[in-house]
Amino acid sequence: MLNPSLEQRQVRIEKLNKFEEMGINPYPNIFKPNTTSDELNEKYKDLENGIETEDEVIVAGRIKAIRNSGMFIDVYDTTGKVQVYSSLKTLPEQELAKIDLFDIGDIIGVKGTVRRTKRGELSIAAKEFSMLSKSLLPLPEKFHGLTDVETKYRQRYVDMITNDDTVQTLKKRSLITAEFRKCLIEKGILEVETPILQPILGGANAKPFVTHHNTLEMDMYLRIAPELYLKRLIVGGLDGVFEIGRLFRNEGLSIKHNPEFTTLEVYWMYKDYFDMMDLCEELVKRSCMVANGTLQIKYGEKEIDFSQPFERRTMASLVKEHVGIDFMAIETDEEAKEKCKGVVEVNEADTWGDLMVRVFEERCEEKLEKPTHVMDHPISSSPLTKTHRADKRVVERFETYINGWEIANAYSELTNPLDQYNRFKDQVNRREAGDEEANMMDEDFCTALEYGMPPTGGMGIGMDRLCMILTNSPSIRDVIAFPTMRKLK
RNA sequence: GAGUGUGUAGCUCAGUCGGUAGAGCACCUGACUUUUAAUCAGGUGGCCCUGGGUUCGAAUCCCAGCACGCUCACCA
101 MLNPSLEQRQ
111 VRIEKLNKFE
121 EMGINPYPNI
131 FKPNTTSDEL
141 NEKYKDLENG
151 IETEDEVIVA
161 GRIKAIRNSG
171 MFIDVYDTTG
181 KVQVYSSLKT
191 LPEQELAKID
201 LFDIGDIIGV
211 KGTVRRTKRG
221 ELSIAAKEFS
231 MLSKSLLPLP
241 EKFHGLTDVE
251 TKYRQRYVDM
261 ITNDDTVQTL
271 KKRSLITAEF
281 RKCLIEKGIL
291 EVETPILQPI
301 LGGANAKPFV
311 THHNTLEMDM
321 YLRIAPELYL
331 KRLIVGGLDG
341 VFEIGRLFRN
351 EGLSIKHNPE
361 FTTLEVYWMY
371 KDYFDMMDLC
381 EELVKRSCMV
391 ANGTLQIKYG
401 EKEIDFSQPF
411 ERRTMASLVK
421 EHVGIDFMAI
431 ETDEEAKEKC
441 KGVVEVNEAD
451 TWGDLMVRVF
461 EERCEEKLEK
471 PTHVMDHPIS
481 SSPLTKTHRA
491 DKRVVERFET
501 YINGWEIANA
511 YSELTNPLDQ
521 YNRFKDQVNR
531 REAGDEEANM
541 MDEDFCTALE
551 YGMPPTGGMG
561 IGMDRLCMIL
571 TNSPSIRDVI
581 AFPTMRKLK
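In this text, residue positions in the first sequence follow my numbering: the first is 101, and each later residue adds one.
Written as structure tokens, this is what we have:
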């Protein structure tokens with residue numbers, strides 16, 4: 101990738117040397133612009149065409165275009181474009197010489213006076229140029245920009261310099277995360293940090309990355325979820341905790357999956373899953389608003405409307421509506437298997453709950469484009485969740501679907517230590533039966549619960565996927581600055 | 001992991017039936033104090049992803065590999 105023999109690079113190094121011969125450091129330590137493109141456009145929005153002011157300003161930014169042999173230079177700062185105008189008649193020799201040494205991509209500073217050209221472009225009539233950073237490599241073509249996706253992901257800096265959309269998406273991601281923090285902190289929920297290196301895997305079903313600690317002489321896992329640590333903090337007496345952090349899952353990559361991804365996990369004392377639904381909606385709506393300024397957005401061709409309350413539907417009712425099977429009226433596993441034949445694959449060992457989940461995932465999930473909380477999952481699929489207060493067959497859990505994707509997963513947290521122990525045992529059995537993704541026994545977590553954990557609501561939200569939706573990004577790689585890529589050989 | 005597509009100048013892309021490697025932008029030289037994808041004239045720039053094979057001759061056909069995209073499977 102680094103190509104020292106590139107002719108254009110050689111030319112630029114020669115120009116760099118010429119700056120040094122002129123006694124100019126092409127990489128100075130400091131430079132202070134005193135305004136920005138945005139500020140100038142606002143302040144001089146009423147300046148008429150062809151009018152020159154005496155107002156002297158200092159701007160700085162990257163050269164994106166040079167026209168008319170340097171007479172017009174487009175300098176972009178972080179807020180936008182400033183056109184720099186240079187007159188052969190008024191500029192001293194030394195300044196004109198600098199223009200000849202400028203290239204597209206250079207970062208320069210310009211001192212000059214504000215004017216608007218005859219054609220209506222707000223400009224700085226240059227008096228003095230400063231080279232702030234000589235760029236040695238040619239940028240992608242101005243019209244098409246950088247489109248090669250591999251280069252976009254591997255050299256995100258080039259993508260950002262060239263494509264403003266990329267910058268805007270990453271900025272929005274930052275705004276979304278910041279709004280999440282703001283919203284949670286406002287409610288008195290504390291931001292905490294829990295181990296990423298974990299000796300026991302837990303809190304989710306997933307294949308882990310394994311690493312090794314030399315001094316401790318033990319293998320460790322990169323976390324697949326922070327859940328069990330966060331709940332220990334609730335046991336300890338923090339009444340609300342959240343963590344926005346990276347999870348690692350050693351599974352396939354796709355347009356919706358990156359090996360490392362970011363979630364919010366939040367646990368809140370004396371709340372249940374209904375409270376978590378409210379919190380979920382507030383977080384999504386507020387972050388949509390800061391990113392887009394509206395609650396009605398487009399994702400591709402689809403319209404997504406966050407202005408209404410999210411739908412709240414039980415999994416069973418959705419299955420009944422879309423497929424016609426009424427699981428709540430089914431009494432036994434055998435009857436469930438009978439009803440599902442010809443609808444989904446049915447295995448001998450399947451339970452009532454396995455089948456309801458399968459029918460839901462295969463026949464209902466992708467239809468949930470409107471924001472919807474899917475509630476009351478079967479107990480078998482949810483080892484950390486409290487049983488439903490009114491129906492022992494299901495748990496107090498919901499998953500929030502937007503655009504057919506699972507965005508949030510939340511429950512009334514299981515707090516009964518004996519129940520929890522048995523559910524871990526069940527997971528361990530599954531693991532021993534070959535299920536690599538089943539939870540491990542976490543005895544210390546059970547011990548924590550034995551000291552007593554108050555009724556608590558918990559929720560996880562996939563930040564990457566939410567960002568995809570809120571930034572109209574077709575791939576998870578578009579919302580991750582540096583997505584996982586294979587090493588180049 | 002399976003299927004499929006792509007890989008040619010710094011960037012965006014052409015390249016016909018297998019017969020000397022092309023364009024636009026960028027860069028260099030010159031013209032022009034005019035612009036906004038500035039224009040005009042001339043020029044530089046290539047491991048045609050890598051390695052084999054077929055052939056008198058391969059960017060092109062065949063085989064293998066590498067990287068990336070997409071679809072499917074696992075998964076959030």
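Backbone N, C-alpha and C fix where the C-beta goes; we use that ideal spot for every residue, glycine too.
Helix, strand or coil at residue i according to DSSP, with G and I counted as helix
i    : result
Q255 : coil
E228 : strand
M553 : coil
T153 : strand
V495 : strand
R219 : coil
K589 : coil
M415 : helix
D542 : coil
I348 : Before going on, a small fix: residue 348 reads as Phe here, not Ile. Strand, per DSSP.
G212 : strand
S354 : strand
F342 : strand
T451 : coil
H422 : helix
V292 : coil
T472 : strand
K198 : helix
R523 : helix
T547 : helix
R167 : strand
Counted within 10 angstroms of its Cβ, other Cβ atoms place residue i as buried (16 or more) or exposed
i    : result
N358 : buried
N509 : buried
Q527 : buried
D476 : buried
L316 : exposed
N125 : exposed
S249 : Residue identity differs from the one stated: residue 249 is Val in this sequence, not Ser. So V249 counts as exposed.
D564 : buried
M122 : exposed
H312 : exposed
A160 : buried
Span of the beta strand (DSSP E) around residue i
i    : result
F361 : 360-369
I113 : Not the beta strand (DSSP E): I113 falls in the alpha helix (DSSP H), residues 107-121.
H477 : Unbroken run through H477: none, as it is neither H nor E.
K234 : Counting along the chain, K234 falls outside any beta strand (DSSP E), and DSSP gives it neither H nor E.
D264 : Note, D264: premise wrong, no beta strand (DSSP E); alpha helix (DSSP H) at 264-286.
V310 : 310-313
Identity of the residues DSSP links to residue i by a beta bridge
i    : result
R162 : Y176, I207
V249 : The partner list for V249 (beta bridge, DSSP) is empty, contrary to what the question assumes.
Q183 : D174, S223
A510 : F498, M559
W505 : I502
I404 : I397
Residue span of the alpha helix (DSSP H) that contains residue i, given as start and end
i    : result
M563 : 563-570
I334 : 327-336
D535 : Where D535 is concerned, there is no enclosing alpha helix (DSSP H), given that its DSSP letter is neither H nor E.
M320 : That residue, M320, is in no alpha helix (DSSP H); its beta strand (DSSP E) goes 318-322.
F374 : 373-392
D578 : 576-579
N141 : 137-143
Residue i versus residue j - alpha carbon distance
i    : j    : result
R216 : Y185 : 10 angstroms
D206 : K272 : 27 angstroms
L237 : I404 : 42 angstroms
K371 : D339 : 10 angstroms
G557 : G220 : 58 angstroms
E513 : C546 : 13 angstroms
F229 : K198 : 7 angstroms
T294 : C464 : 35 angstroms
L222 : T135 : 14 angstroms
P583 : I355 : 11 angstroms
E550 : D450 : 32 angstroms
M541 : A429 : 35 angstroms
D265 : R530 : 46 angstroms
P555 : W452 : 28 angstroms
M101 : K164 : In this prediction, M101 scores a pLDDT of 47, lower than 50, which makes its location untrustworthy; the coordinate-derived value is nonetheless stated afterwards. If I take the Cα positions, the gap works out to 22 angstroms.
Q194 : Q183 : 20 angstroms
S573 : K145 : 33 angstroms
R254 : R162 : 22 angstroms
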